[in-house]
Structures are given as structure tokens and as C-alpha cells.
DNA sequence: CCGTATCCAGCGGGATACTG
DNA sequence: CAGTATCCCGCTGGATACGG
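Protein chains in written order, with this note's numbering: chain A, 109 to 231; chain B, 109 to 231.
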């Protein structure tokens, strides 16, 4: 594998970045990985302050990318469940190191430079 | 380490995502990691089709986040070099799995669903 | 309950011309 | 060479109200 000498191909990210860079995409991928499935209203609560439109938008994009799948049960009241696909699960694994890095970075960076994290009120 | 049971903390990404999700940020981080340093004009060529304003913008943001550093030599004509900081290098390592995943994802996804990658003309 | 329909503000980012 | 100064467009994403 010559990937070792040049493992980082940028162009590969061009396709997926517009999707996973969306504000709530990673959040959904990660939260969804914690449970077997989640419902719409559940995400509205657990993902922070997101509007139904924004959530619907990002869910649709994640479906198109086949990172999540939508399972619709014909009941009254209607019930819809979302779950990670195989792609979604592997993505969740792939961003693990990034999340871990971010945690450490925040600690180090915050130790001598505050303003950066001022962007993160996290109510 | 209880990180094993719940390694994925979303809030950690809130601080850095707005920076690294910028269109050219990852590209710069990766390219910069290939050489000891790069100059402005060099990036203009090697990063694809980017305008000087966009490049200046993202470089400034990466400096603020202390992922890259700017070294200015008092010469005529002026010479400025950019290089990764320690944070930048560790980030580059952390996104390795994501890039590798993206490569594989493109192959698998492309095999039965073309439109997604139509977004990537890559001239 | 699970969304859709509208409307709208902010900003990311490209094109272009110009400067120290 | 290494940017800055403008201008402008399109997309993201929030607020709100409504529908099956």
C-alpha cells in the first residue's frame, strides 16, 4: 500500500464534506450511534436547539448519502425511526480520532487562549 | 478511561468545526503537512482554484486557531512562509482515518449511486 | 407525531482590481 | 510577492405557522 507514503487525498473529501460539515450532521451521526434508533422528536430534544426545518433538511441529506436510513411504521399516530447504515457506522468510527483530538485541543488551547472557545456557549 | 464507553463528545467539535469545515482548511492542513513550509503563491497553485481573498481569509482563521504559523522574512521582494504548528500536525493525524474512510466510501457509494459524486467535477 | 411551507438574515466564498 | 478592497451571489439555517 503506497497509501502509507501519501495517505491523505484531499479530493476524496470533496464529495462528503458538504454533507458532514453541516451544522448538525456529526451530532446526529454520533447520537444515533449510541442507540439502535431514534425518532424525530427525540433528536429535536437531544441535539440541542435545532429547528424542525433544519433537522428535516439534514436528515434528508444524510439519507441521500446513505449514512442513515429512515424506517417508517404505518401506525396511528405515525412512528418513524432513524438509524445508522453500515456507511454511517463506519463514518462514526472514522471521526473518533478527530473528536478525541478536538477534546484535547480544547483543553490545551483554552489553557492560554480563551476567546476561541467563547463561540461555544452550549446552553 | 471511560472514554471507551462514550468516546464521542459532540460539544468538543463545536469550537473547531467552523474552522476546519471551511472549504479549503483541510486542504491547506494536509498540503502543508507534506512540506516543511509553503508560500502564499504556492498554495494558490497547489490547492486548486481558490481566490486570494478566500485563501487569505482561511489562513487568518487557521492562524487564530494556532493550527498554522506565519513566518515573515524582511526581504525584497517580501517572503512569507506558512507551516503547521504542533496542533496542526496532530490534527492532520487525527483526520487521517476520515480521509481514508472518504476514499473507501466514494468507491462503495459510487458503485451503485452516481449522482452524489457529480458534485465533484475537480477540473 | 412528523414533518412541510414560507420567509428571511448572515456569511462563506468567488471575481476582479488594486497596493506596499 | 503577498496580500487588501469591493462587490455580489447563493446557500445555510433559524423562526414561525400550518398540514396529514
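By construction, the Cβ of each residue, glycine as well, lies at the ideal position given by its N, Cα and C atoms.
The beta-carbon of residue 140 of chain B is placed no less than 8 angstroms from the nearest beta-carbon of chain A. Assigned with DSSP and collapsed to three states, residue 194 of chain B falls in helix.
Residues are counted here when their Cβ sits less than 9 angstroms from a Cβ of chain B; for the stretch 196-214 of chain A these are 198, 199, 200, 201, 202, 203, 204, 205, 206, 207, 208, 209, 210, 211, 212, 213, 214, given in chain order. Minimum Cα-Cα distance from residue 132 of chain B among the listed residues A:137, A:135, A:126 corresponds to A:126. Rounded to whole angstroms, residue 209 of chain B and residue 180 of chain B show a C-alpha spacing of 37 angstroms. If you keep only unbroken beta strand (DSSP E) runs of at least 3 residues inside the stretch 119-202 of chain A, you get 176-181, 187-192.
Segment contact: the stretch 184-202 of chain B against the stretch 156-176 of chain B, three or more CB-CB distances shorter than 8 angstroms; contact assigned.
Your pair residue 145 of chain B and residue 191 of chain B checks out as a contact, with CB atoms roughly 4 angstroms apart and the cut at 8 angstroms. Here the alpha carbon of residue 188 of chain A sits roughly 13 angstroms from the alpha carbon of residue 168 of chain A.
Taking 8 angstroms as the cut-off, the Cβ atoms of residue 140 of chain A and residue 120 of chain B do not count as close. Cβ contact annotation for residue 166 of chain B (same chain, cutoff 8 angstroms, sequence separation greater than five): 130, 131, 132, 133, 136, in chain order. Inter-residue distance for residue 149 of chain B and residue 201 of chain B is about 25 angstroms (C-alpha atoms, whole angstroms). Excluding five sequence positions before and after residue 138 of chain B, none of the CB atoms of its chain fall closer than 6 angstroms to its own CB.
Within chain A, not a single residue places a beta-carbon under 8 angstroms from that of residue 177 of chain B; the smallest gap is close to 14 angstroms. The straight-line gap separating the alpha-carbon atoms of residue 203 of chain A and residue 203 of chain B is approximately 7 angstroms. Taking C-beta atoms as the reference points, residue 211 of chain A and residue 117 of chain B count as a pair closer than 8 angstroms. No Cβ of chain B is located within less than 8 angstroms of the beta carbon of residue 182 of chain A.
If you check each beta-carbon in the stretch 139-159 of chain A against every beta-carbon of chain B, the ones closer than 9 angstroms belong to 139, 141, 142, 155, 156. For residue 129 of chain B, the chain A residues whose Cβ falls inside 8 angstroms of its Cβ are 125, 129, in order along the chain.
At least one beta carbon of chain A lies nearer than 8 angstroms to the beta carbon of residue 121 of chain B.
For residue 206 of chain B, the three-state secondary structure derived from DSSP is helix.
For residue 185 of chain B, same chain residues with a beta-carbon under 6 angstroms away, outside a window of 5 residues either side, do not exist. Straight across, the Cα-Cα distance linking residue 170 of chain B with residue 155 of chain A is about 27 angstroms.
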